[in-house]
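Trainee: So the number in our numbering is just where the residue sits in the sequence shown, counting from 1, plus 2.
Beta carbons: idealized from backbone N, C-alpha and C, even for Gly.
Pasting in a structure now, in structure tokens, and then I'll have a few things to ask.
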Amino acid sequence: MTDQQIDNALKNSIIVIGAPRSGTSVLARILEAHPASVHIKEPRTLWKFGNDRKSDCLSPSDITPQIKKHIRKKLASWVLAEQGSILVEKTPSNALRLEFCKEIIPEAKFIHIIRNGYDSSLSIRDYWNNFRSGIIYNRTGSKTTVLQQRLKELSYNQVPFYVSEFLKRALPLPARLKEVPWGPRFPGLMATKKAIGTLGVASLQWRYCVECACHAGDQLPDDKYLEVRLEDLDEDMLDQILKFAGISKTNEIKTYFHENYRSVREGQRYQSATQEELKEMNKWIAPTIDWLNKRRTK
């Protein structure tokens, strides 16, 4: 594949970012409905190529020419294989490394979707507790399992870094032997979980993803970064998103949105949380929620 072919395949790239359980999948699937879109679902190990020993908090200094070419070529090959012209990519951990992603794909536009911090943190906690074996199942709208997708993403020299995690997720092992990370890996993730518990680490995952993405996004021009709230996602907001992304509102998008999307009421999980859960979350996310509210009114 020539550099020109890679550039052409990635010239219309949209990267959806956000903390886990914040609406990134919903938004990406809406954009995927466009006939020209190719939705690449969470190629987590691809983004870590050449940096597999590190956390997800990567920066432009972690990029080499080989790393940049490998990631671009892989993404472009998937777009061309599907005969598409619009790349829609979403990986929640990219919220921790927006500047890294921008250097890899300077053509990209970033859409940052934010959900109520309490609702998101509680949902992240539930995924830590219940879905860490999800690698053997299919993603919504996908014909392959997560494990099959991961094997396609991996370069052969990455395999040693992930084989233990994949086996723990796939095999019917006792819970104590299946202790593997879930979601964006900030430095010291598992030690933090051990110290402050699952809800605490889930809250910090939401906080770090939101803060990192907001601060990095503020450095980008308005035509490269858009910030939206999941609770505000209606047809008018969809029109703004499509205009920003440069995507036409096709009948396929209209149909998918009306048939599959249900508006999210802010605070749904918050209202059913216990006082102990709210107290625990407030320790970690209350300052960020206050900051976001002030940011929203600017």
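In chain order, what residues of the same chain lie with their CB nearer than 6 Å to the CB of Lys226, ignoring the 5 residues before and after it?
Mentor: Looking up residue 226 in the sequence shown gives position 224. Excluding positions up to five away in sequence, the list reads Lys111.
Trainee: Would you say the region 41 to 50 touches the region 229 to 246, given that touching needs at least three Cβ pairs under 8 Å?
Mentor: no
Trainee: Once you ignore the five residues that flank Ala304 on each side, which residues in its own chain have a CB closer than 7 Å to its CB?
Mentor: Residue numbering for the chain in the displayed model covers 3 to 300; residue 304 lies beyond these limits and cannot be assessed.
Trainee: Out of Ala275, Lys13, Pro94, Ser63, which one is the CA nearest neighbour of Ser24?
Mentor: Locating residue 24 in the sequence shown gives position 22, counting from the first residue. Selected option, being the one with the closest Cα: Pro94.
Trainee: Taking the CB atoms as reference points, tell me whether Ser123 and Ser205 lie closer together than 8 Å.
Mentor: Along the sequence shown, read from residue 1 onward, the residue named residue 123 stands at position 121. Along the sequence shown, read from residue 1 onward, the residue named residue 205 stands at position 203. Yes, these two residues count as a Cβ contact at 8 Å.
Trainee: What does the alpha-carbon distance come out to for the pair Leu218 and Glu101?
Mentor: Working through the sequence shown from its first residue, we reach residue 218 at position 216. Working through the sequence shown from its first residue, we reach residue 101 at position 99. For the sequence presented, residue 218 should be read as Ala rather than Leu. Computed Cα separation, rounded: 6 Å.
Trainee: Considering Cα atoms alone, identify which of Asp220, Asp224, Trp130, Leu222 is closest to Gly185.
Mentor: Start at 1 with the first residue of the sequence shown, and residue 185 comes out as number 183. When C-alpha distances from Gly185 are compared across Asp220, Asp224, Trp130, Leu222, the shortest belongs to Trp130.
Trainee: Who are the Cβ neighbours of Ser287 in its own chain at under 6 Å, not counting the five residues just before and after it?
Mentor: Here the question's residue 287 lines up with position 285 in the sequence shown. In the sequence as presented, Ser is not what sits at residue 287; that position holds Ile. Once the five neighbours on either side are set aside, the close Cβ partners of Ile287 are Gly119, Ser205, Arg209.
Trainee: Any idea what DSSP makes of His72, helix, strand or coil?
Mentor: As a first step, residue 72 is located in the sequence shown; it is residue number 70 there, counting from the start. The answer is helix: DSSP assigns His72 an H, G or I state.
Trainee: Which runs of the alpha helix (DSSP H) at least 4 residues long sit entirely within the region 15 to 47? Give them in chain order.
Mentor: 26 to 34
Trainee: When DSSP builds the beta bridges, which residues end up paired with Leu235?
Mentor: Position 233 of the sequence shown, counted from the first residue, corresponds to residue 235. Bridge partners of Leu235: none, in fact.
Trainee: Measure from the C-beta of Gly185 to each C-beta in chain D and report whether the shortest distance is under 8 Å.
Mentor: No chain D appears in this structure, which consists of one protein chain only.
Trainee: What residue from Lys76, Trp293, Ile16 has the CA that sits closest to Ile243's CA?
Mentor: Counted from its first residue, the sequence shown places residue 243 at position 241. Minimum Cα distance to Ile243 is reached at Ile16.
Trainee: Helix, strand or coil: which one does DSSP assign to Val90?
Mentor: What you label residue 90 is simply residue 88 of the sequence shown in a count that begins at 1. Correct three-state label for Val90: strand.
Trainee: Got a sec, what are the start and stop residues for the alpha helix (DSSP H) Lys195 sits in?
Mentor: Counting from 1 along the sequence shown, the entry for residue 195 is found at position 193. Counting along the chain, the alpha helix (DSSP H) containing Lys195 begins and ends at 191 to 219.
Trainee: Less than 8 Å separating the beta-carbons of Tyr258 and Ala38?
Mentor: As a first step, residue 258 is located in the sequence shown; it is residue number 256 there, counting from the start. As a first step, residue 38 is located in the sequence shown; it is residue number 36 there, counting from the start. No.
Trainee: Within 10 Å of its beta-carbon, does Leu240 have 16 or more other beta-carbons around it, so buried, or fewer, so exposed?
Mentor: The residue you call residue 240 lines up with position 238 of the sequence shown. Burial is judged here by how many other beta carbons sit within 10 angstroms of a residue's own beta carbon; Leu240 has at least 16 and is buried.
Trainee: Go ahead and pull the three-state DSSP assignment for Lys111.
Mentor: Numbered from its first residue, the sequence shown carries residue 111 at position 109. Of the three classes helix, strand and coil, the one that applies to Lys111 here is strand, per DSSP.
Trainee: In the DSSP assignment, find the alpha helix (DSSP H) that holds Ile106 and state where it starts and stops.
Mentor: Within the sequence shown, the letter at position 104 stands for residue 106. 100 to 106 is the extent of the alpha helix (DSSP H) around Ile106.
Trainee: Identify the residues that DSSP records as bridge partners of Thr66: which are they?
Mentor: Counted from its first residue, the sequence shown places residue 66 at position 64. For Thr66, which the question treats as bridged, DSSP gives no partner whatsoever.
Trainee: Any heavy atom of the ligand COA closer than 7 Å to the beta-carbon of Met283?
Mentor: The model on display carries no ligand, and the ligand COA is accordingly not part of it.
Trainee: What are the partner residues of Glu282, as DSSP defines its beta bridges?
Mentor: Here the question's residue 282 lines up with position 280 in the sequence shown. Glu282 pairs with nothing; no bridge assigned.
Trainee: For Ile8, which residues of its own chain have a beta-carbon under 7 Å away from its beta-carbon, when the five flanking residues on both sides are left out?
Mentor: Here residue 8 refers to the residue found at position 6 when the sequence shown is read from its first residue. Closer than 7 Å at the Cβ level, and outside the excluded window around Ile8, lie Arg74, Lys75, Ala78.
Trainee: Could you spell out the range, first to last residue, of the alpha helix (DSSP H) harbouring Arg127?
Mentor: Indexing the sequence shown from 1 puts residue 127 at position 125. 119 to 132 is the extent of the alpha helix (DSSP H) around Arg127.
Trainee: Helix, strand or coil for Leu60? Go by DSSP, reduced to three states.
Mentor: Residue 60 sits at position 58 when you count from the first residue of the sequence shown. Coil, per DSSP.
Trainee: Looking only at its own chain, which residues have a Cβ that is under 7 Å from the Cβ of Tyr272, when we skip the five neighbours before and after it?
Mentor: One-based indexing of the sequence shown puts residue 272 at position 270. So the qualifying residues of the chain are Asn118, Tyr120, Asp121.
Trainee: Compare the Cα-Cα distances from Phe188 to each of Ile65, Val161, Ala21, Glu84 and report the closest residue.
Mentor: As a first step, residue 188 must be located in the sequence shown, where it is residue number 186. Among Ile65, Val161, Ala21, Glu84, the Cα nearest to that of Phe188 belongs to Ala21.
Trainee: By alpha-carbon positions, which one of Cys216, Leu156, Thr4, Tyr164 ends up nearest to Asn96?
Mentor: The residue given as residue 96 occupies position 94 in the sequence shown. The shortest C-alpha separation from Asn96 is found at Cys216.
Trainee: Using the Cα positions of Glu237 and Arg55, report the straight-line distance between them to the nearest angstrom.
Mentor: Here the question's residue 237 lines up with position 235 in the sequence shown. Here the question's residue 55 lines up with position 53 in the sequence shown. Taking the straight line from one Cα to the other gives about 42 Å.
Trainee: Please report how far the alpha carbon of Lys285 lies from the alpha carbon of Ala275, in whole angstroms.
Mentor: By 1-based counting over the sequence shown, the position of residue 285 is 283. By 1-based counting over the sequence shown, the position of residue 275 is 273. In a straight line, the C-alpha of Lys285 is about 15 Å away from that of Ala275.
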